[in-house]
Amino acid sequence: MSQQTKKPLGVLQKAINKQVSVRLKSEIEYRGRMANCDPYMNVILLDAGEYNTGTLSANYGKVVIRGNNVLFIKIENEI
Amino acid sequence: MSQQTKKPLGVLQKAINKQVSVRLKSEIEYRGRMANCDPYMNVILLDAGEYNTGTLSANYGKVVIRGNNVLFIKIENEI
Amino acid sequence: MSQQTKKPLGVLQKAINKQVSVRLKSEIEYRGRMANCDPYMNVILLDAGEYNTGTLSANYGKVVIRGNNVLFIKIENEI
Amino acid sequence: MSQQTKKPLGVLQKAINKQVSVRLKSEIEYRGRMANCDPYMNVILLDAGEYNTGTLSANYGKVVIRGNNVLFIKIENEI
Amino acid sequence: MSQQTKKPLGVLQKAINKQVSVRLKSEIEYRGRMANCDPYMNVILLDAGEYNTGTLSANYGKVVIRGNNVLFIKIENEI
Amino acid sequence: MSQQTKKPLGVLQKAINKQVSVRLKSEIEYRGRMANCDPYMNVILLDAGEYNTGTLSANYGKVVIRGNNVLFIKIENEI
Amino acid sequence: MSQQTKKPLGVLQKAINKQVSVRLKSEIEYRGRMANCDPYMNVILLDAGEYNTGTLSANYGKVVIRGNNVLFIKIENEI
Chain A
0 MSQQTKKPLG VLQKAINKQV SVRLKSEIEY RGRMANCDPY MNVILLDAGE YNTGTLSANY
60 GKVVIRGNNV LFIKIENEI
Chain B
0 MSQQTKKPLG VLQKAINKQV SVRLKSEIEY RGRMANCDPY MNVILLDAGE YNTGTLSANY
60 GKVVIRGNNV LFIKIENEI
Chain C
0 MSQQTKKPLG VLQKAINKQV SVRLKSEIEY RGRMANCDPY MNVILLDAGE YNTGTLSANY
60 GKVVIRGNNV LFIKIENEI
Chain D
0 MSQQTKKPLG VLQKAINKQV SVRLKSEIEY RGRMANCDPY MNVILLDAGE YNTGTLSANY
60 GKVVIRGNNV LFIKIENEI
Chain E
0 MSQQTKKPLG VLQKAINKQV SVRLKSEIEY RGRMANCDPY MNVILLDAGE YNTGTLSANY
60 GKVVIRGNNV LFIKIENEI
Chain F
0 MSQQTKKPLG VLQKAINKQV SVRLKSEIEY RGRMANCDPY MNVILLDAGE YNTGTLSANY
60 GKVVIRGNNV LFIKIENEI
Chain G
0 MSQQTKKPLG VLQKAINKQV SVRLKSEIEY RGRMANCDPY MNVILLDAGE YNTGTLSANY
60 GKVVIRGNNV LFIKIENEI
């Protein structure tokens, strides 16, 4: 329950090194390992795939996404 | 009546752990339990469904929505 | 005349608990009792109706509208 | 000439209680008596008419317009 | 050459009382005498004409343009 | 190499009095001598041409471009 | 692993003088050597190519991109 009382930016910090999906306002989605992020929601993704309406359209080794474009960040379940 | 004099951000804080519907500017809606939020209206939703014009289009275990995209947050009635 | 010299945000504070219509940039309008608001024009509406070009399209028990979406807030006359 | 050296926000302050036309980015225009305004260009209009491409489309007793939507404010000549 | 080393906002201050053309993001242009302006590029125009793709569409005795809509301000040559 | 370690705004300062092309978000481009600029990327252009998809569409003796519209500023090579 | 714990803006600083691809919100992409950048994500690119849906459409010797237009910055692998 202590986890649930974390603020949104704290939850993102805790998700560092996990797999995430970053949906942008343009509806394009980037999936990869979140190497880091900051309070503005600038995000570094490693080994990222770009998905356009669900279809993989490009691959990125290391990409820095500017936070103001982010719609949401989905944190993938650990398996 | 003390409840009604809370400021909007205070009302959101009081709704933590309740079911909410978050409508975005894109008109897409996310419904789930609001694990937390902050003054910028960044929101963490758990067990969230994505609704596109009322139809469930995706499920999210844990998602952080960036506040600047939020149109409104509807707080569901306790049952 | 003292009323007319209030600043816009002061007029909104004075309208708390009154019926208001909140028009958003998307042209959708929400009408209900304004439980509270803040200087950013974040607004809490109670027993709100959503109107799309004048037609009621949904009802909301309690909704927090994010201020940056607001076009204007019309304060209804007391009857 | 002292009038012409006022800054834009000072000119607006001086126009309080005068008839103004507030054109929004959406091109819709609101005409009425400006009861007050603030440096963000939030405006209170009394007895306002809404004009859509020049045609009166609605009347508002008291309306608070959020400043970020304002394109310009035309100050009507005293008659 | 001292003139050329002025900063953009200083150049605008120096253009007070000159004829200017204010082009907005909407591509509509307002031409008139700039009575004053501020660092946000809020502008007061006197005896202004509104031009839509080069054609005069309206006249304004005194208008305050909100700076965030400005694309550019052209300073007319003295004659 | 000292030049290459300048920050972006420092590079712009160093380009004062050079020929530049200022591309706006609207894709329209203004080419002229940059008389000055500031950290917000407000720019003064002298003897500027307006280019719409590469074609000269207007000339401006002195124009102040508001920085928030700027997409990029290309610094022309000295010849 | 120390590299992976850098914040996004630190990762960009570390990429100075490397080849990057800067994707803008307009979906146009600029590829070149990043001479420098700042926390707002203003970027200087040298010997840059402009790519429109993957096709080279223009070349730029030295261009300063305003940060607010940036969607993401992809850092190319060293070879």
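Protein chains in written order, with numbering that gives the first Met the number 0: chain A, 0 to 78; chain B, 0 to 78; chain C, 0 to 78; chain D, 0 to 78; chain E, 0 to 78; chain F, 0 to 78; chain G, 0 to 78.
Where is the CB? At the ideal position from N, CA and C, for every residue including glycine.
Predicted model, so just to flag it, every value in this text is computed and none were measured.
Helix, strand or coil for residue i, going by three-state DSSP, please let me know.
{"i": "residue 141 of chain D", "result": "For residue 141 of chain D there is no data in the structure shown, the boundaries of chain D being 0 and 78."}
{"i": "residue 5 of chain A", "result": "coil"}
{"i": "residue 13 of chain A", "result": "helix"}
{"i": "residue 76 of chain C", "result": "coil"}
{"i": "residue 35 of chain C", "result": "strand"}
{"i": "residue 41 of chain F", "result": "coil"}
{"i": "residue 60 of chain F", "result": "strand"}
Spatial neighbours of residue i within its chain, please: C-beta separation below 8 angstroms, excluding the five flanking residues on both sides.
{"i": "residue 49 of chain D", "result": "27, 28, 29, 55, 56, 57, 58 and 59"}
{"i": "residue 16 of chain E", "result": "32, 33 and 34"}
{"i": "residue 5 of chain A", "result": "13"}
How should residue i be labelled, buried or exposed, when 16 other C-beta atoms within 10 angstroms of its C-beta is the threshold for buried?
{"i": "residue 13 of chain C", "result": "exposed"}
{"i": "residue 41 of chain C", "result": "buried"}
{"i": "residue 25 of chain E", "result": "exposed"}
{"i": "residue 31 of chain B", "result": "buried"}
{"i": "residue 68 of chain B", "result": "buried"}
By Cβ distance below 6 angstroms, which residues in the same chain neighbour residue i in space, the five residues on each side in sequence not counted?
{"i": "residue 34 of chain C", "result": "43 and 45"}
{"i": "residue 39 of chain A", "result": "66"}
{"i": "residue 75 of chain B", "result": "18"}
{"i": "residue 36 of chain D", "result": "11 and 42"}
{"i": "residue 73 of chain D", "result": "20"}
{"i": "residue 51 of chain F", "result": "27"}
{"i": "residue 47 of chain F", "result": "29, 31, 59 and 62"}
Please return the same chain residues whose Cβ sits closer than 7 angstroms to the Cβ of residue i, not counting the five positions on each side in sequence.
{"i": "residue 23 of chain E", "result": "68, 69 and 70"}
{"i": "residue 8 of chain G", "result": "38"}
Subject >> chain B contacts from the stretch 40-52 of chain A (Cβ-Cβ distance under 8 angstroms) >> reply: 40
Original post:
Closer than 9 angstroms, Cβ to any Cβ of chain C: which residues of the stretch 53-66 of chain B, in chain order?
Top reply: 66
**OP:** For the stretch 23-38 of chain D, enumerate the residues whose C-beta is nearer than 9 angstroms to any C-beta of chain E, in chain order.
**Re:** 24 and 26
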